[in-house]
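Chains as they are written, first to last, in numbering that gives the first Met the number 0: chain A, 0 to 221; chain B, 0 to 221.
Okay, so here's the structure we're looking at.
There are 2 protein chains.
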Amino acid sequence: MRFKVDGRGMGAQRQKPDRHQEILDAAAQVITDRGLAETRISDIAERAGVSPGLILYYFESKDRLLSEALSFANDQFYLRLSREVRRIPSAKEQLMRLIDLSVPGLLPEYGRLDEWALWIEVWTRALHNEKMARDRETLDKRWRDSIADIIRTGQKNGEFPEGDADELALRIGALIDGLAIQVVMNDSEVTPHRMRQTVLEMAAKEIGFEVSRQELGAGAKS
Amino acid sequence: MRFKVDGRGMGAQRQKPDRHQEILDAAAQVITDRGLAETRISDIAERAGVSPGLILYYFESKDRLLSEALSFANDQFYLRLSREVRRIPSAKEQLMRLIDLSVPGLLPEYGRLDEWALWIEVWTRALHNEKMARDRETLDKRWRDSIADIIRTGQKNGEFPEGDADELALRIGALIDGLAIQVVMNDSEVTPHRMRQTVLEMAAKEIGFEVSRQELGAGAKS
DNA sequence: TCTGTTCCTGAACAGCCAGTCAAGTCGGTG
DNA sequence: CACCGACTTGACTGGCTGTTCAGGAACAGA
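Here it is in structure tokens:
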């Protein structure tokens with residue numbers, strides 16, 4: 000039961016690739032395009048360019064690996080989002096950026112639809128797996144909190160009127176989830192652009208700020 | 000490749016149980032409590048009280064069976080919902096009933112959380128299965144349409160002000176989806192009661208009707 | 001160079017499960 | 001009763017895949 004705790008402490012880690020990380024990445028990719036149910040250890044090994052045996056050398060079981068991969072990938076998304084948002088001064092702009100980043104496939108450079116596909120796999124797994132259920136709740140709370148934080152920021156600096164930031168965040172978060180499902184499924188009636196517009200309008204109405212026609216249409220054509 | 004087309008045409012079908020139906024029911028139950036990934040043909044057979052071989056006698060493959068079971072179960076929910084709603088005269092009452100039926104676990108006699116769990120499995124499957132993706136879109140459109148129909152009814156008879164019924168239905172439907180996910184996952188911050196209240200408030204605000212304090216709290220305590 | 005540890009491989013193993021099949025039951029029909 | 005077709009069983013099989021393992025490569029320290 001050997002374990003590689005971390006790459007820490009040996010200085011030159013440029014040569015030695017971080018297998019742990021690489022395997023998690025490969026796993027997330029495979030899960031994204033084949034689906035959790037169709038993901039085999041050998042697929043992950045192939046994608047990572049190693050032998051199947053090595054996967055089990057680093058992770059004690061397939062189940063563990065999959066769980067870690069899902070949490071890991073969702074973490075990535077969250078980190079990128081909060082890093083990006085933090086550098087924007089205006090709360091309204093922050094919120095608009097958050098929305099853009101949440102619409103599957105809206106921004107070509109980011110939205111590879113990946114995150115949402117993984118997120119749905121998390122839901123399915125959480126339904127019958129206690130640990131995954133706890134993870135999901137934590138991740139989701141963090142997601143709502145980052146929306147609520149933006150709202151509170153805006154309320155403090157006068158951009159938004161007063162109101163229950165947590166309740167508002169719940170509403171906007173849920174709306175995003177619900178719409179994202181349809182967009183990620185390629186529903187012909189719910190395009191990324193329409194989703195963006197709908198979320199933005201409702202957020203504006205609920206929170207209480209103005210959106211110009213130009214801002215509404217900024218995401219794509221029309 | 001024998002096939003039992005239907006029980007039609009032999010009069011006494013009380014004795015002969017409808018295996019097709021029974022198996023679909025059993026499958027939906029098993030999927031609900033074990034999850035699609037953990038569902039074996041033998042589990043379904045056991046639940047239905049028949050031998051595993053018989054399952055494959057009625058369905059050409061496990062895959063077909065599972066697909067049919069998912070669509071079938073979601074159909075059931077929709078039928079029950081529209082049957083119930085149709086007998087209510089007021090559009091506002093119709094909408095409130097629809098909301099109550101949609102909140103997982105709110106009504107003890109109905110909401111066994113089942114439908115939502117199955118619905119999430121459909122999403123996962125639709126992500127990588129073309130046929131399932133089409134089915135989902137159809138089912139989802141029907142769901143949005145039934146909300147839109149209620150809104151249009153209310154607009155025609157003067158209960159609700161004018162407005163784009165389809166857009167409103169999209170918003171309310173998405174909100175319900177997003178919140179239901181959290182409720183069905185037992186998120187400690189999103190209770191069935193809170194979901195009911197949130198959806199009702201937003202629907203009232205968006206569509207443009209009044210809800211009394213009493214109506215808001217009708218679902219449960221508080 | 002020698003040695004011990006870590007990393008890595010590919011083959012082998014073992015369990016599981018969808019799907020097949022030979023055989024049997026049951027109900028109706030002539 | 002004899003026959004026939006639909007229905008049902010449960011044992012079997014063939015393939016797949018998670019996991020183990022014996023051994024080899026790479027590398028560091030002495």
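Ideal Cβ placement from N, Cα and C applies to all residues, glycine included.
This structure is a prediction, so every number in the text was calculated from the model and none was measured.
Is any beta-carbon of chain A found at less than 9 Å from that of B/Lys61?
-> No, no contact with chain A.
Use the C-beta contact count for A/Ser70: other C-beta atoms within 10 angstroms, 16 or more gives buried, fewer gives exposed.
-> By the Cβ-count criterion, A/Ser70 is buried, with 16 or more other Cβ atoms from all chains shown falling within 10 Å of its own Cβ.
Taking A/Pro107 and A/Pro191 to be in contact with their CB atoms under 8 Å, please state how far apart those CB atoms are, rounded to whole angstroms.
-> Not really, about 10 Å apart at Cβ, beyond 8 Å.
Taking 9 Å as the CB-CB cut-off, is A/Glu205 touching chain B?
-> Interface residue, yes.
Does the beta carbon of A/Ile119 sit closer than 9 Å to a beta carbon anywhere in chain B?
-> Closer than 9 Å: yes.
Please confirm if B/Gln14 has its CB atom under 9 Å from at least one CB of chain A.
-> Residue placement at B/Gln14 is flagged as unreliable, the pLDDT there being 49, under the threshold of 50; the coordinate-derived value follows with that caveat. The beta carbon of B/Gln14 sits no closer than 9 Å to any beta carbon of chain A.
Rounded C-alpha distance that separates A/Glu161 from A/Gln181 = In a straight line, the C-alpha of A/Glu161 is about 32 Å away from that of A/Gln181.
Checking contacts by CB at 9 Å: is A/Gly162 closer than that to chain B?
-> Chain B, which has no Cβ nearer than 9 Å to the Cβ of A/Gly162, makes this no.
Run through DSSP, which three-state label would A/Arg39 get?
-> Coil, per DSSP.
Show which residues of chain B have a CB atom less than 8 Å away from the CB atom of A/Gln181.
-> Within chain B, the residues whose beta carbon sits less than 8 Å from that of A/Gln181 are Asp139 and Ala173, listed in sequence order.
Exposed or buried, what is A/Gly177 when buried is set at 16 or more other beta-carbons lying within 10 Å of its beta-carbon?
-> So A/Gly177 counts as buried.
Status (buried if at least 16 other CB within 10 Å, exposed otherwise) for B/Ala36 | By the beta-carbon neighbour count (other beta carbons within 10 angstroms, threshold 16), B/Ala36 is exposed.
Within the 9 Å Cβ cut-off, does A/Met95 reach chain B?
-> Closer than 9 Å: no.
Could you work out which residue in B/Arg39, B/Asp32 and B/Gly48 is closest to B/His19 when comparing CA atoms only?
-> Its Cα nearest to that of B/His19, the residue B/Gly48 stands out among B/Arg39, B/Asp32 and B/Gly48.
Give the straight-line distance between the Cα atoms of A/Met184 and A/Leu100, rounded to the nearest whole angstrom.
-> For A/Met184 and A/Leu100, the distance between alpha carbons rounds to 17 Å.
Helix or strand or just coil, what does DSSP make of A/Arg86?
-> DSSP places A/Arg86 outside both helix and strand once states are collapsed to three, so it counts as coil.
For the segment 141-154 of chain A and the segment 166-175 of chain A, state whether three or more C-beta atom pairs, one from each stretch, are separated by less than 8 Å.
-> The answer is yes - the segment 166-175 of chain A touches the segment 141-154 of chain A, with three or more Cβ pairs under 8 Å.
B/Lys220, buried or exposed, once every other Cβ within 10 Å from all chains shown has been counted against 16 | Per-residue confidence for B/Lys220 stands at a pLDDT of 45, beneath the threshold of 50, marking its modelled position as unreliable; the derived number appears in the next sentence. It is exposed - the Cβ of B/Lys220 has fewer than 16 other Cβ atoms within 10 Å.
The segment 120-131 of chain A: positions lying closer than 7 Å to chain B by Cβ | Cβ contacts with chain B: Glu120, Trp122, Thr123, Ala125, Leu126 and His127.
Under a Cβ-count criterion, where at least 16 other Cβ atoms within 10 Å of its own Cβ denotes burial, should B/Arg63 be classed as buried or exposed?
-> Exposed, since its Cβ has fewer than 16 Cβ neighbours within 10 Å.
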